[in-house]
Structures are given as structure tokens and as C-alpha cells.
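Asks:
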Amino acid sequence: MFQRVAREILSGLTVAIVALPLAIAFGITATGTSEGALVGLYGAIFAGFFAAVFGGTPGQVTGPTGPITVVATGVIAEHGLEGAFLAFIMAGAFQILFGLCRLGSLIRFIPHPVVSGFMGGIALIIILGELDQVQSSFLVVAGTIVLMLVSARVIKSIPASLIALVLMTVVLRFMDSLLQDVRVGPVPLNTAIDYIGQIPESIPSITIPELSGSLLLTLLLPALSIALLGSIDSLLTSVVMDNITGNRHRSNKELIGQGLGNAASGLFGGLASAGATVRSVVNVRSGGRTALSAATHSVILLALVIGLGAVVQYIPLAVLSGILILTAVGMFDWESLRKAHASPRGDVAVMFATMIVTVLVDLTVAVAVGVALALAVHVVKSRRRKASIVHDGAGTYRIEGPLSFLSVDRVFSTLRSDRSNLSLSLKDVDYMDMSGAKALLTFIDHSHKSGVELGIKDLPPHVANRLTALANDEQRDKLETVVKDRPTELR
Numbered sequence: 019m020f021q022r023v024a025r026e027i028l029s030g031l032t033v034a035i036v037a038l039p040l041a042i043a044f045g046i047t048a049t050g051t052s053e054g055a056l057v058g059l060y061g062a063i064f065a066g067f068f069a070a071v072f073g074g075t076p077g078q079v080t081g082p083t084g085p086i087t088v089v090a091t092g093v094i095a096e097h098g099l100e101g102a103f104l105a106f107i108m109a110g111a112f113q114i115l116f117g118l119c120r121l122g123s124l125i126r127f128i129p130h131p132v133v134s135g136f137m138g139g140i141a142l143i144i145i146l147g148e149l150d151q152v153q154s155s156f157l158v159v160a161g162t163i164v165l166m167l168v169s170a171r172v173i174k175s176i177p178a179s180l181i182a183l184v185l186m187t188v189v190l191r192f193m194d195s196l197l198q199d200v201r202v203g204p205v206p207l208n209t210a211i212d213y214i215g216q217i218p219e220s221i222p223s224i225t226i227p228e229l230s231g232s233l234l235l236t237l238l239l240p241a242l243s244i245a246l247l248g249s250i251d252s253l254l255t256s257v258v259m260d261n262i263t264g265n266r267h268r269s270n271k272e273l274i275g276q277g278l279g280n281a282a283s284g285l286f287g288g289l290a291s292a293g294a295t296v297r298s299v300v301n302v303r304s305g306g307r308t309a310l311s312a313a314t315h316s317v318i319l320l321a322l323v324i325g326l327g328a329v330v331q332y333i334p335l336a337v338l339s340g341i342l343i344l345t346a347v348g349m350f351d352w353e354s355l356r357k358a359h360a361s362p363r364g365d366v367a368v369m370f371a372t373m374i375v376t377v378l379v380d381l382t383v384a385v386a387v388g389v390a391l392a393l394a395v396h397v398v399k400s401r402r403r404k405a406s407i408v409h410d411g412a413g414t415y416r417i418e419g420p421l422s423f424l425s426v427d428r429v430f431s432t433l434r435s436d437r438s439n440l441s442l443s444l445k446d447v448d449y450m451d452m453s454g455a456k457a458l459l460t461f462i463d464h465s466h467k468s469g470v471e472l473g474i475k476d477l478p479p480h481v482a483n484r485l486t487a488l489a490n491d492e493q494r495d496k497l498e499t500v501v502k503d504r505p506t507e508l509r
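The sequence shown begins at 19 in the numbering used here and counts up by one.
(1) CB Val-302 to CB Thr-345, shorter than 9 Å?
(2) To which residues of the same chain is Gly-443 closer than 6 Å at the C-beta, ignoring the five residues directly before and after it?
(3) Spell out the partners DSSP gives Leu-238 in its beta bridges.
(4) Whole-angstrom Cβ separation of Phe-106 and Ser-283, contact assumed at under 8 Å?
(5) Could you work out which residue in Val-168, Gly-388, Ala-55 is closest to Ser-134 when comparing CA atoms only?
(6) My output table needs one value for Ile-324: the three-state DSSP class, helix, strand or coil.
(7) Return helix, strand or coil for His-409, following the three-state DSSP convention.
(8) My guess is that Arg-16 and Ala-455 are in contact by the Cβ rule of under 8 Å, so how many angstroms apart are they, rounded?
(9) What do you get for Asn-280, buried or exposed, if any count of 16 or more other CB atoms within 10 angstroms of its CB means buried?
(10) Please report the straight-line C-alpha distance between Gln-151 and Leu-378, rounded to a whole angstrom.
(11) Reducing DSSP to helix, strand and coil, say where Gly-517 ends up.
(12) How many Å lie between Ile-128 and Ala-336 at the Cα?
(13) If you draw a straight line from the alpha carbon of Leu-239 to that of Asp-380, how long is it in whole angstroms?
(14) What residues in its chain sit with their C-beta under 8 Å from that of Gly-77, if we drop five residues either side in the sequence?
(15) Would you mind sorting His-267 into buried or exposed? The rule is 16 or more other CB atoms within 10 Å of its CB.
(16) Reducing DSSP to helix, strand and coil, say where Pro-206 ends up.
(17) From Ile-42, Gly-30, Ile-407, pick the residue whose C-alpha is nearest to that of Gly-340; which is it?
(18) Ignore the nearest five residues each way along the sequence and tell me which others in Thr-372's own chain have a CB closer than 6 Å to its CB.
(19) Determine the DSSP secondary structure at Ala-482, reduced to helix, strand or coil.
(20) In the DSSP assignment, find the alpha helix (DSSP H) that holds Lys-502 and state where it starts and stops.
(21) Can you tell me which residues form a DSSP beta bridge with Pro-334?
(22) If you count every other CB in all the chains shown that lies within 10 Å of the CB of Val-408, and 16 or more means buried, which is it?
(23) Express the C-alpha separation of Leu-319 and Ala-34 in angstroms, rounding to a whole number.
(24) How far does the alpha helix (DSSP H) with Ile-94 in it extend, from its first residue to its last?
(25) Exposed or buried, which one is Ile-274 when buried takes at least 16 other CB atoms within 10 Å?
(26) Spatial neighbours of Asn-270 within its chain, please: CB distance less than 6 Å, with the 5 preceding and 5 following residues excluded, ordered by chain position.
(27) Taking Cβ positions, are Ser-422 and Ala-394 nearer each other than 9 Å?
(28) As a quick exercise: from Ile-143, Gly-66, Ser-29, pick the residue whose alpha carbon is nearest that of Ala-48.
(29) Taking just the CA atoms, how far does Pro-177 sit from Leu-146?
(30) Taking 8 Å as the cut-off, does the region 285-296 touch the region 75-94 (at least 3 CB pairs, one atom from each stretch)?
(31) Taking Cβ to Cβ, would you say Ala-37 is nearer than 9 Å to Val-330?
(32) Taking its Cβ as the centre, do 16 or more other Cβ atoms sit within 10 Å of Asn-490, making it buried, or is it exposed?
(33) Which two residues bound the contiguous alpha helix (DSSP H) that contains Gly-473?
(34) Pick out the complete alpha helix (DSSP H) segments inside the region 136-209, 4 residues or longer, and give them in chain order.
(35) Are there 16 or more other CB atoms within 10 angstroms of the CB of Met-369, so buried, or fewer, so exposed?
(36) Any chance the region 155-166 sits against the region 180-191, with 3 or more Cβ pairs inside 8 Å?
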């Protein structure tokens, strides 16, 4: 018992170290001022704590994220910080309502290409937003990125972002004057270095916003946009956590927890937040499996914030830009992009359309457009809407119909059980999209980890081709072990 609690607390400490520079960077990006450092940190502290305690995904870490920051930036620019905090509270109330109405279950119908395109679009928005710092402090941004890449390979025990933040801040205290107006001929490499500057040190306290009917009406759409985006972002992270741990999150409970977290964040002057994929994965890999580790991360950040102002003022904005740019690069679904040539053309079109609409129009519109396009592709490719599972009485389960984003969650939820062996026939699968292939490969992974003896037979050539094209090397090896009467494509 003691060892388990100690492991959870240590994992929370690790995540807090990872979250510190990201919360500061996202907060300053959203507000455009040094005050944003505290706004970002308060978001990680209060939204992170309440979402951990009341959410439905054990071990998931909540804090400011790229998608939420992009929307919050526009709300703060238009309505100011006070108006934005009220919008965050309203967004939290919407999320609680979503959970009570059981809308969280709809996450299973978001196709994989939409998720890939959405995250890629967010990554592009973040990178484009940092171009001003790249232009004025290219050497510092580039040095930060190189230092993070090198330290990530050499030092595994300390987050690369923290190493870069500390080392670059210390070095630039002595080399600031040398990096002013550095040029190669007419090309400027470093014209100036800007710093966060002094931030107010204070213990967070609840601030009740002034309410008026006209203000609430004005903030209704921004709050709804934050709620929708935060819900999608959080539940996608929950799905990632399920894939890693093999557990099943409770999506509606997670929405209620996220809503309470964002409401608390707005009341304490923090940035709206959502389930953060990178921080959640770090938590799980560090040994965190329960709400204790995620809540501990928030408590540790609160302890750091109380005396952090004197140190934070010396952090160069270009260092934070380097951290954000490398974080954004990691948000791209590189595996799907590399395999776009072998993926279904309809899925590739959905992915890039979602990415483009995310950058040029709006994030929530992009998700709606992506899902609509995916439905259109499904209608064209398959006459049947969903797949069904038939037990032949001889111990074999047969999937009939399209194995697509509309049916994979129900199909593989049904097939998961305590049985020690499972025989699966895919003879009657007439269509498989990227979501179906990814779900089947993940199911094979989970079966292998759980010790289930899985056998797949009657694999049609089009299904074999798709699985082989989209599987990584490890998944391809597992696929070869479970497929009986293997077709030529898997030999």
C-alpha cells in the first residue's frame, strides 16, 4: 500500500516538472502578457486538481493545452481577462451539462482521420503563432529546440523542456548582450531577446465575476465553443489512455470532472484546460494509475507558484517559443502522415480537409466538417451502416458488415471479456476504414498483453492489405502470429 502511494506521488512530481514550462508558455501565449504565466499555472493547478478528483479517467492529467489555448486567445483578446474567466466558468457549466446528458458517449463516433487532422491543424496554428519570436530571436529558439532534442536522447530522467528552460535561462543571463542584433550579412539571426518580466506574486483566491444579462449572452457562443473543444480534447486523451492502460474510461463522468475543473479555474483566475495527452502519458509511464498522481501534480505546482515570481521574470520568451514549437511538432500524427500513400483515399482526404479547416476557419467547425466528410465516404464505400457480431456456436465470432468508425467501439467492446481464447472470422467484413484497422490492431495488442489466445481467420485480401499497410513493425509481427490460414499479403 505504502509503495503504491509513494509511486503515485513521485509520478505526480514528475508530471508537475513537465507541466511547469508548458503551463507558463500556454498562459503567456493566450494572454500576450507576463500575467499569463500565473493564468496558465492556475489553470493547471485548479482545473487539474478538480478534474483528477471528479473525472472518469484514472491517471489523466488536465491542464492548458494547444487547442484550448488557441480558442482562449481569441476570447481574451475580444473580452479581456475578466470576461474570459466568466466564459471559462460558463464552459465548465456546459461540460457538466454534457456529462449529465450523457453526450460523452458520442466520442466513439469521431473517426481517426478527423482526430489526426484536428491535431495537425492545432499544431500548425501554434507554430504560426510563434513566428514573431522566431523572426526576432532565431538563435535562441533554435538553440532551445536543439537542446531539447539532444537532452531527450541523453538524459531520460529529467524532462527535456525543463532542462532547456533552466539552462537557456541561466546562459542568457550572461550572454544577453552578445545576442543583440546578430546578423549574417543583411540577414538578421537575433535582433533582440524579450523576457517574461515581473509577475505578481499572490496566493490564489476566488473572484466572483460581475454578472449581467448582456454579458452572459455575449459570452454564450465563446463558452460553448470552449466547452465543445475542451470536451473533445479531453475525451480523445481518455481514448489514448485506454489504449495504453487497457482500461475503459467513463466518458460522461470525465466531462463532469472537466466541467468542475474549468469552473474552478475560472473562479480562481486560471486558463481553461483539458485532458493533456503528453502529460497524461508521462504520468502513466512514471507509474501513475489513479487520481492521486494527477491531483499531486496540481498540489506541487501550487507550492511552486507561491514563490515563483522572482524566478519566472528572467525566462526568455524565445525559450518558451522553442518549447511550444517542439511540442506542436510532436502533436502531428506522423505515423498516419507517413502512411498516407497506403491509406484509403477517402480517409486521407478527410484528414487533410480537417487540418485545413482547423487552420483557416474554426476548430469546432473543423471537427463537424471532418465527421460529415467521413460519413459521406462511408456511405459511398459501404451500403451497410454498421457491423454486427455473430456467434456461430462453435466458438468463433464472425464480424459482418463494415468495420468503420461507426461500429468499432461497439464491436470490440463486445469482444472484450474474461475468456482465455478467442477465434475471430473476418470473412464478411466488406469494408474497413482507417479507424477500423487501427481499432483491430489495438485489439490485437490488448489481447497479447492480457494473455488472450487470439486467432483470426478468413481474412479477405482487402482487409489484409489495409492491416499490413497501417501496422507498425511490432503490430505486423503480432498480426502474423494471430492470423490463421494467412493470405499472401501477410507472408
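Glycine residues also receive a C-beta, built at the ideal position from the N, C-alpha and C atoms.
Replies: Working from what's here:
(1) In this structure, Val-302 lies away from Thr-345, with their beta-carbon atoms at least 9 Å apart.
(2) Per the sequence shown, residue 443 should be read as Ser rather than Gly. Taken in chain order, the residues that qualify are Thr-414, Arg-416, Lys-475, Asp-476.
(3) Per DSSP, none; premise fails for Leu-238.
(4) About 6 Å; that satisfies the 8 Å criterion.
(5) It is Gly-388 whose Cα lies nearest to the Cα of Ser-134.
(6) The three-state secondary structure of Ile-324, taken from DSSP, is coil.
(7) If DSSP states are grouped into helix, strand and coil, His-409 belongs with the strands.
(8) Shown here, the chain extends from 19 to 509; a query on residue 16 therefore has no answer.
(9) Label assigned to Asn-280: buried.
(10) Looking at the two C-alpha atoms, the distance is approximately 22 Å.
(11) This structure gives no information on residue 517, because the portion of the chain shown stretches from 19 to 509.
(12) If I take the Cα positions, the gap works out to 36 Å.
(13) One alpha carbon belongs to Leu-239, the other to Asp-380, and they sit about 13 Å apart.
(14) Around Gly-77: Met-259, Thr-263, Ser-298, Asn-301, Val-302, Gly-306, Arg-307, Thr-308, Ala-309, Ser-311, Ala-312.
(15) With a threshold of 16 other beta carbon atoms within 10 Å, His-267 meets it and is buried.
(16) Pro-206: strand per DSSP, three-state reduction.
(17) Residue Ile-42 is the option with its Cα nearest to Gly-340.
(18) Excluding sequence positions up to five before and after Thr-372, its CB lies within less than 6 Å of the CB of Val-132, Gly-135, Phe-136, Ala-384, Gly-388, all in the same chain and listed in chain order.
(19) The three-state secondary structure of Ala-482, taken from DSSP, is helix.
(20) Per DSSP, Lys-502 lies in no alpha helix (DSSP H) and is assigned neither H nor E.
(21) Tyr-213.
(22) So Val-408 ends up on the exposed side.
(23) Those two C-alpha atoms are separated by around 6 Å.
(24) It spans 84-118 - the alpha helix (DSSP H) in which Ile-94 sits, taken as one unbroken run.
(25) Result: buried.
(26) Taken in chain order, the residues that qualify are Gly-117, Arg-120, Gly-122.
(27) Cβ distance not < 9 Å, so Ser-422 and Ala-394 don't count as in contact.
(28) Closest option to Ala-48, Cα to Cα, is Ile-143.
(29) Computed Cα separation, rounded: 25 Å.
(30) In short, these stretches touch, since the Cβ pair count reaches three.
(31) For Ala-37 and Val-330, no; Cβs fall outside 9 Å.
(32) Under this definition Asn-490 is an exposed residue.
(33) Premise fails: Gly-473 lies in the beta strand (DSSP E), 471-475, not in any alpha helix (DSSP H).
(34) Within the region 136-209, complete alpha helix (DSSP H) segments of at least 4 residues are found at 149-154, 156-172, 178-193, given in chain order.
(35) With 16 or more other Cβ atoms within 10 Å, it is buried.
(36) Yes: at least three Cβ pairs fall under 8 Å.
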